[in-house]
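Protein chains in written order, with this note's numbering: chain V, 9 to 115; chain R, 9 to 115. Backbone N, C-alpha and C fix where the C-beta goes; we use that ideal spot for every residue, glycine too.
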């Protein structure tokens with residue numbers, strides 16, 4: 009069965025853009041079965057994460073918490089062509105900072 | 009000056025609904041100046057939090073991280089009349105669980 013959420017990670021230097029697409033309408037019960045790229049297991053928790061995709065706020069909420077061990081978590085804003093930091097352990101990287109990231113679509 | 013985001017916390021038993029309203033269009037720089045109700049300082053980190061309001065995903069992201077020390081964090085869904093848990097330290101309370109919460113508007 010096709011997963012409810014398909015994740016497409018794309019790394020550039022010290023940041024991973026985690027883009028997601030929904031294969032159907034999500035229900036809250038789907039959160040228990042998600043399998044986002046596990047950066048901790050991959051030894052990549054020192055990287056920053058930018059989340060990108062169309063989905064409910066609670067999906068974003070789940071992913072923000074999931075990537076909490078990473079250097080920082082940002083939300084992609086296509087208008088600003090980058091991620092807006094919402095949480096950070098990285099010195100000098102604060103909520104509200106913009107992490108520039110050019111996606112394939114914006115090139 | 010009026011704050012960019014006005015928070016209206018509402019407690020019922022062991023959960024606080026943190027509703028917010030924007031007084032103007034937010035920019036990422038606004039995140040640095042936000043003053044959400046500080047449940048840790050109030051000795052209320054043992055409570056759960058339900059976030060509610062219309063705003064950008066990165067505002068939600070900031071608030072989810074901000075309330076990370078609390079028992080759990082959920083996102084209000086008016087259709088389901090409750091909060092959908094996205095992060096939890098509480099045994100038996102998992103992402104995807106619905107925390108029923110009747111707001112004034114839905115009564």
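Label residue i either buried or exposed according to how many other C-beta atoms from any shown protein chain fall within 10 Å of its C-beta, with 16 as the threshold for buried.
| i | result |
| --- | --- |
| residue 54(V) | exposed |
| residue 23(R) | buried |
| residue 31(V) | exposed |
| residue 114(V) | In this predicted model, residue 114(V) has a pLDDT of only 46, less than 50, meaning its place in the structure is not dependable; the value taken from the coordinates is given anyway. Exposed is the call here. |
| residue 59(R) | buried |
| residue 71(R) | buried |
| residue 50(V) | exposed |
| residue 103(R) | buried |
Using a Cβ-Cβ cut-off of 7 Å (strictly less than) and excluding sequence neighbours within five positions of residue i, which residues of its own chain qualify?
| i | result |
| --- | --- |
| residue 29(V) | 14, 61 |
| residue 101(R) | 80, 93 |
| residue 88(V) | 106 |
| residue 78(V) | 47, 53, 55, 56, 57 |
If residue i and residue j are in contact, beta carbons under 8 Å, what's the gap, nearest whole angstrom?
| i | j | result |
| --- | --- | --- |
| residue 42(V) | residue 57(V) | Rounded, the Cβ-Cβ distance is 15 Å, inconsistent with contact. |
| residue 117(R) | residue 99(R) | No statement about residue 117(R) is possible, as the shown extent of chain R runs from 9 to 115 and does not include it. |
Comparing the CB of residue i with every heavy atom of the ligand HEM, is any distance shorter than 7 Å?
| i | result |
| --- | --- |
| residue 34(R) | Among the components of this structure there are no ligands whatsoever, and the ligand HEM is therefore not found. |
Could you name the residues of the same chain whose beta carbon sits closer than 6 Å to that of residue i, not counting the 5 residues immediately before and after it, in chain order?
| i | result |
| --- | --- |
| residue 16(V) | 27 |
| residue 10(V) | 31 |
| residue 52(V) | none |
| residue 90(R) | 106, 107, 108, 109 |
| residue 82(V) | 58, 91, 92, 93, 107 |
| residue 84(R) | 58, 60, 91 |
| residue 18(V) | 25 |
Residues in its own chain within less than 8 Å of residue i by CB, not counting five upstream and five downstream?
| i | result |
| --- | --- |
| residue 76(V) | 95 |
| residue 20(R) | 109 |
| residue 34(R) | 12, 13, 63, 64, 67 |
**Asked** Taking Cβ-Cβ distances below 7 Å as the criterion, which residues of the segment 93-107 of chain V are in contact with chain R?
**Response** 94, 95, 102, 103, 104, 106
**Request:** Count the C-beta pairs between the segment 18-38 of chain R and the segment 65-81 of chain V that are closer than 8 Å, then say yes if the count reaches three, no if not.
**Result:** no
**Asked** When Cβ atoms are compared, which residues of the segment 40-70 of chain V fall closer than 7 Å to chain R?
**Response** 40, 65, 66, 68, 69, 70
**Request:** Could you list the residues in the segment 11-31 of chain V with a C-beta less than 7 Å from some C-beta on chain R, going in chain order?
**Result:** none
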